[in-house]
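Step one of this worksheet: look at the structure below.
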Amino acid sequence: MKAIFINGSPRKKFNTVKMLEKAKEGVQSAGAETELINLFDYEFTGCRSCFACKVKNSKTNGVCAVRDSIRPVIEKAQEADIIVIGSPVYFGYPTGQVRNLVERLLFPLDTYLVDENGGRVKVPHKPVQTALIYTMNCPEWLMEKVNYPTLLGFTGEEMGRLYGYNEVYYACDTYQFSDYSKYDVNMFPEEKKRESLEKQFPIDLQNAYELGKRLAEKAAEVCAE
Ligand SMILES: Cc1cc2nc3c(=O)[nH]c(=O)nc-3n(C[C@H](O)[C@H](O)[C@H](O)COP(=O)(O)O)c2cc1C
110 MKAIFINGSP
120 RKKFNTVKML
130 EKAKEGVQSA
140 GAETELINLF
150 DYEFTGCRSC
160 FACKVKNSKT
170 NGVCAVRDSI
180 RPVIEKAQEA
190 DIIVIGSPVY
200 FGYPTGQVRN
210 LVERLLFPLD
220 TYLVDENGGR
230 VKVPHKPVQT
240 ALIYTMNCPE
250 WLMEKVNYPT
260 LLGFTGEEMG
270 RLYGYNEVYY
280 ACDTYQFSDY
290 SKYDVNMFPE
300 EKKRESLEKQ
310 FPIDLQNAYE
320 LGKRLAEKAA
330 EVCAE
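Quick note on my numbering: the sequence shown kicks off at 110 and runs consecutively.
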C-alpha cells in the first residue's frame with residue numbers, strides 16, 4: 110500500500126506540512142509506505158489544454174502526457190492507493206501550485222463522454238483514497254459567510270468523483286508567523302492566534318492523524334479485495 114502526501118505550501122515547516130506529517134503518521138500506523146512531496150520544489154504549469162488525454166484511442170491511460178518536472182510526482186500519484194494534498198488558503202482558493210497539480214492529475218482521468226444514462230464516463234482507475242487538508246487564517250465561525258465550504262469543497266468533490274473517495278479537512282485560525290512582533294498585523298491579534306494554536310491546533314493535528322488512519326483502513330480493504 111502506497112501513500113503520498115503533497116505539501117502545497119511554499120513553507121516547509123508550518124501549518125500545512127505539520128497537518129500532513131500527522132496524517133502521514135496515521136497512515137503509517139496501518140503499515141503503508143509513505144512519501145511527502147513539497148510541491149514548491151517543482152516548477153510546472155497547470156493543464157496546457159493539449160487534449161492528448163482525450164484523443165481517440167488515447168494511450169495516456171489517465172496520466173498527463175506533458176513531460177515536465179512534475180511528471181515523477183504524477184507517476185507516483187498514479188501508483189498511489191492514498192493521496193493527501195495539503196494547501197494553505199490563498200485568496201479563497203488552494204495555492205496556485207496545488208491548482209496546477211490538480212488540473213494535471215484530474216483532467217486525464219476525466220472524459221468528455223457520457224454513458225447511455227447520461228452519466229460522465231471516467232477513465233478506468235483503481236479506487237484511490239484521497240483527502241484535502243486546508244489551513245487558513247479564517248476562523249471556523251466565518252467559513253460559511255465567506256463561502257469557503259463551496260469554494261474549497263469543489264476540488265474535493267471532483268477528487269471524490271474521479272478517484273472514488275475524498276475527505277476535506279479545514280484547519281482554521283492558524284498561527285501564521287513564528288514571531289508576530291516582527292510584522293505589521295493588527296487584524297489577527299497574536300493573543301487570539303496563540304489561543305487557537307494552543308487549544309485548537311492540537312485537535313486539528315489529532316484529527317489529521319485519525320483521517321490518515323481512516324484512509325489507510327479504507328485502502329487496506331480495497332487492496333484485500
Ligand atoms: C498570499 C496569501 C494569501 C492568503 N489568503 C488567505 C485567505 O484568503 N483566507 C485565509 O483564511 N487565509 C489566507 N492566508 C493565510 C494562510 O492560508 C494561512 O496562514 C495558512 O495556514 C498558511 O499555511 P502554512 O503555514 O502552511 O504556510 C493567506 C496567506 C498568504 C501568504
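In this text, a Cβ means the ideal position worked out from N, Cα and C, and glycines have one as well.
Would you report the Cα separation of residue i and residue j, rounded to the nearest angstrom?
i      : j      : result
TYR267 : GLU330 : Correcting the residue identity first, residue 267 is Glu in this sequence and not Tyr. Whole-angstrom Cα-Cα distance: 22 Å.
VAL77  : ARG176 : The displayed coordinates of the chain run from 110 to 334. Any statement about residue 77 would go beyond what the structure contains.
TYR272 : ALA139 : 21 Å
SER167 : SER158 : 15 Å
VAL172 : SER196 : 22 Å
LYS291 : ASN116 : 26 Å
PRO119 : GLU225 : 44 Å
GLN309 : CYS281 : 8 Å
TYR284 : ASP190 : 32 Å
VAL232 : ASN124 : 34 Å
LYS322 : THR143 : 13 Å
CYS162 : PRO217 : 5 Å
ALA333 : LEU324 : 14 Å
LEU241 : ALA132 : 11 Å
CYS156 : ASN256 : 26 Å
GLU307 : ASN246 : 15 Å
GLU249 : PHE153 : 33 Å
GLU188 : LYS111 : 7 Å
Which of helix, strand or coil does DSSP assign to residue i?
i      : result
LYS336 : What is shown of the chain runs 110 to 334, which leaves residue 336 out entirely.
ASP150 : helix
PRO258 : helix
PHE114 : strand
PRO94  : Any answer about residue 94 is impossible in this case: the structure gives the chain only from 110 up to 334.
GLY155 : coil
GLY265 : helix
ARG229 : strand
GLU253 : coil
GLU299 : helix
ALA240 : strand
ASP219 : strand
THR125 : helix
GLY273 : strand
GLU334 : coil
TYR289 : helix
TYR318 : helix
ALA280 : strand
Give a single yes or no on whether residue i has its beta carbon closer than 7 Å to a heavy atom of ligand 1.
i      : result
GLY201 : yes
ASN124 : yes
CYS247 : yes
GLN285 : yes
VAL198 : yes
SER118 : yes
THR259 : no
THR244 : yes
For the region 144–151 and the region 234–245, state whether three or more C-beta atom pairs, one from each stretch, are separated by less than 8 Å. Judged by Cβ distances under 8 Å, the region 144–151 makes no contact with the region 234–245, as fewer than three pairs qualify.
Do the region 250–265 and the region 291–299 make contact, defined as three or more Cβ pairs closer than 8 Å? Flag = no, the region 250–265 and the region 291–299 do not touch.
Just to confirm the assignment: which complete alpha helix (DSSP H) runs, minimum length 4, are found wholly within the region 177–215? List check, alpha helix (DSSP H) in window: 180–188, 205–215.
For the region 124–136 and the region 317–324, state whether three or more C-beta atom pairs, one from each stretch, are separated by less than 8 Å. Contact check between the region 124–136 and the region 317–324: three or more CB pairs, one atom from each, fall below 8 Å, which counts as touching.
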